[in-house]
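J.: For reference, the structure I am asking about is given below.
Residue numbers (my numbering), protein chains in the order written: chain A, 136 to 468; chain B, 51 to 300.
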């Protein structure tokens, strides 16, 4: 199969901050490829370099056979970008927004009308097409942003956190749309920090952390790699300082890794369920009260934990803030 | 990308910008209501023989027109800092559009807004205060050059500011002193030292002087002022576009 996007040794420094570190991957034509990593891992920076919006410090990006640094306009004609933040003109109606972008993509009047009608229908926005975008709900914003990216019928669709911040129902709709677009023959590159999304949606996934691509495989294969390992998830009653349990439980025999994930302790072990009594006993002895305990099959999350030594859910906010702060301080955002 | 395409992109970007500005209350207030308010307030001045001071009106109104071009243009360029903070440049740059088109589009939008606002005041001046515009072609030329140079200044402010409030603050910090030192309400000849020197450094001074010179038929002054405004235009737009390019193509 041909490659739609080829990224070679891609690196980006913001001053002393190494945002993307010699990343190398290939997106095959007509596949859904996911870049999975916590916020601030370098996913958006990578995407921006692929789209020609940010000049790499070093490395090359080839999209649809064109080197982005040599032929940026050729690349831009062939990609549609759905950014993580909807950046359409709020003071204008959906139709006027689409008209404007249609013109920039060189669509003539007749094609523009036909394409705008089509995408507005596809995303069920026709009834509200004349309303100002600033009055749209979050879900409508997202749909319009995707519609705008599809106006010029790009062969490659690049989506940065496509379902981030959406309610479950709208997120499901967006995922269905992505699958349909892929079935139509479009290549999709998406980034996500949600394990479930990567697991359910993508053909292949690259795990990115601290600017480095750690691994790249199908979700199934990544899960197979942690075969034999199972996860034990424990929720404690009224415990403000969960962090103190991590080193304690790590010392229990048979425990491979312990991380915090959304207020729960997630323990990876090959010796499940045999090590459960030892863990329960330790918690009781140290004054902890268990609210809930469950044994889980290995998930993509466990693959992530075994590769990075942490949960993807554990530190997302603080890392995003730190990157944003760094960038705004250096005047780059 | 060919030059025609680059230019057409710029025109569409300008059109899109202006379309939004016409709907914005902030624009109407700063570009029209404020200059109109100043025009009416300062027109209530009585001459030595009683009644409205007609001589002062012929002095005031061209000055107000120049000032309006300044408010209109600088106000329009504030959209740059909004676009910057909302990620609109990114959105446009994902399309096959060169950054030159964006810079050009923003410049056109600023100049058009300056000229349009000034035209409204020209009309109001002639209807309500019976000002007879001597040579509308030359008036238009001075207003256009002034609008371009103010757009350049606005682009620099908007490009350097990190967020909209900072840009508004900086632009007011520049607009208000310029309004009083640029010869709108009183001639720079009557200013105490060293204010005339400061006034001579401001583009608004050349706009007001140029417009009054058109009215008085002093062609050499018009030519000189137009030349200074042209130099200002080239200088500020070059610097402004460098700043914008740096923001967009980092």
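C-beta atoms are modelled at their ideal positions from N, C-alpha and C, and glycine is treated no differently.
Verify whether the separation of the beta carbon atoms of residue 278/B and residue 256/B is less than 8 Å.
T.: Yes. Within cutoff.
J.: Measure from the C-beta of residue 222/A to each C-beta in chain B and report whether the shortest distance is under 8 Å.
T.: Cβ-Cβ to chain B under 8 Å: yes for residue 222/A.
J.: Could you give the C-beta distance for residue 228/B and residue 120/B, rounded to a whole number, given that I count them as a contact under 8 Å?
T.: With a Cβ gap of about 7 Å, residue 228/B and residue 120/B count as contacting.
J.: Nearest CA to the CA of residue 271/B: which residue from 258/B, 282/B and 105/B?
T.: Closest by alpha carbon: 258/B.
J.: Per the DSSP calculation, residue 184/A is bridged to which residue(s)?
T.: In the DSSP output, where bridge partners are listed per residue, residue 184/A has none listed.
J.: Between the stretch 208–220 of chain A and chain B, which residues of the former have CB atoms less than 9 Å from a CB of the latter, in chain order?
T.: The residues in question are 208, 209, 210, 211, 212, 214, 215, 216, 218 and 220.
J.: With distance defined between alpha-carbon atoms, name the residue in 299/A, 249/A, 159/A and 180/A nearest to residue 221/A.
T.: If we check each option's Cα against that of residue 221/A, 299/A comes out closest.
J.: So the alpha helix (DSSP H) residue 251/A belongs to, where does it begin and stop?
T.: First-last of the alpha helix (DSSP H) with residue 251/A: 244–257.
J.: What is the DSSP secondary structure of residue 165/A, reduced to helix, strand or coil?
T.: In the structure shown, residue 165/A sits in coil (DSSP, three-state: anything other than H, G, I, E or B).
J.: Terminal residues of the continuous alpha helix (DSSP H) containing residue 232/A?
T.: Looking at the DSSP string, the run of the alpha helix (DSSP H) that includes residue 232/A is 229–239.
J.: Within the chosen definition, does the stretch 272–284 of chain A reach the stretch 223–233 of chain A through at least 3 CB pairs nearer than 8 Å?
T.: Yes, since at least three Cβ pairs between the stretch 272–284 of chain A and the stretch 223–233 of chain A fall closer than 8 Å, the two stretches touch.
J.: Provide the residue span of the beta strand (DSSP E) that contains residue 322/A, from first to last.
T.: First-last of the beta strand (DSSP E) with residue 322/A: 322–327.
J.: Exposed or buried, residue 284/B, counting other C-beta atoms within 10 Å across all chains shown (16 or more means buried)?
T.: So residue 284/B counts as exposed.
J.: Between residue 226/A and chain B, is there a C-beta pair that is closer than 8 Å?
T.: With 8 Å as the cut-off, residue 226/A counts as an interface residue toward chain B.
J.: Using a beta-carbon distance below 8 Å, is residue 74/B in contact with chain A?
T.: Residue 74/B counts as touching chain A.
J.: Run through the stretch 231–279 of chain B for me and flag every whole alpha helix (DSSP H) of 4 or more residues, listed as ranges in chain order.
T.: Those alpha helix (DSSP H) runs which fall completely within the stretch 231–279 of chain B and span 4+ residues are 245–250 and 253–266.
J.: Alpha carbons only, please: which of 337/A, 232/A and 342/A is nearest the one belonging to residue 155/A?
T.: Nearest option by C-alpha distance: 342/A.
J.: Can you confirm whether residue 146/B, when its beta carbon is compared against all beta carbons of chain A, has any partner nearer than 8 Å?
T.: So yes, residue 146/B belongs to the interface.
J.: Helix, strand or coil: how does DSSP classify residue 342/A here?
T.: Three-state DSSP puts residue 342/A in a strand.
J.: Counting only beta-carbon separations shorter than 8 Å, does residue 158/B have a partner in chain A?
T.: No, residue 158/B lies away from the interface with chain A (no Cβ there is under 8 Å from its Cβ).
J.: Output, in chain order, the set of chain B residues within a Cβ distance shorter than 7 Å of residue 236/A.
T.: By Cβ distance, chain B contributes 145.
J.: Run through chain A and tell me which residues come within less than 8 Å of residue 137/B, C-beta to C-beta.
T.: Chain A residues near residue 137/B: 218, 220 and 222.
J.: Closer than 8 Å, Cβ to Cβ, to anything on chain B: give me those residues from the stretch 236–253 of chain A, in chain order.
T.: Listed by position, the residues of the stretch 236–253 of chain A near chain B (Cβ gap below 8 Å) are 236, 238, 239, 240 and 241.
J.: Helix, strand or coil, according to DSSP, for residue 424/A in the structure here?
T.: Three-state DSSP puts residue 424/A in coil, outside helix and strand.
J.: Is there at least one Cβ from chain A nearer than 8 Å to residue 52/B's Cβ?
T.: So, not an interface residue.
J.: Does the count of Cβ pairs from the stretch 141–150 of chain B and the stretch 71–91 of chain B closer than 8 Å reach three?
T.: Taking 8 Å as the limit for Cβ pairs, the verdict is that the stretch 71–91 of chain B does not touch the stretch 141–150 of chain B.
J.: Starting from the Cα of residue 204/B, find the closest Cα among 174/B, 161/B, 55/B and 53/B and give me that residue.
T.: Measuring from the Cα of residue 204/B, the nearest candidate turns out to be 161/B.
J.: Kindly list, in the order they appear in chain B, the residues whose Cβ is closer than 8 Å to that of residue 188/A.
T.: Under the 8 Å cutoff, chain B gives 140, 143 and 144.
J.: Rounded to whole angstroms, what's the CA-CA distance from residue 260/B to residue 241/A? Just pull it up for me.
T.: Straight-line Cα distance between these residues: approximately 42 Å.
J.: How would you label residue 437/A, buried or exposed, when you count the other beta carbons within 10 angstroms and need 16 or more for buried?
T.: Answer is buried; the Cβ neighbour count reaches 16.
J.: Are the beta-carbon atoms of residue 148/A and residue 192/A separated by less than 8 Å?
T.: Yes. Within cutoff.
J.: Residue ranges of each alpha helix (DSSP H) run of no fewer than 4 residues wholly in the stretch 346–425 of chain A, ordered along the chain?
T.: Runs found: 354–360, 380–385 and 411–420.
J.: Please give me, in chain order, every unbroken run of the beta strand (DSSP E) with length at least 3 that falls completely inside the stretch 279–303 of chain A.
T.: Qualifying beta strand (DSSP E) stretches, in chain order: 291–295.
J.: Just the chain A side, please: which residues come within less than 9 Å of residue 292/B by C-beta, in chain order?
T.: Chain A residues near residue 292/B: none, gap ~15 Å exceeds 9 Å.
J.: Let's test the definition: count the other Cβ atoms within 10 Å of the Cβ of residue 186/B and tell me whether it reaches 16, buried, or not, exposed.
T.: Under this definition residue 186/B is an exposed residue.
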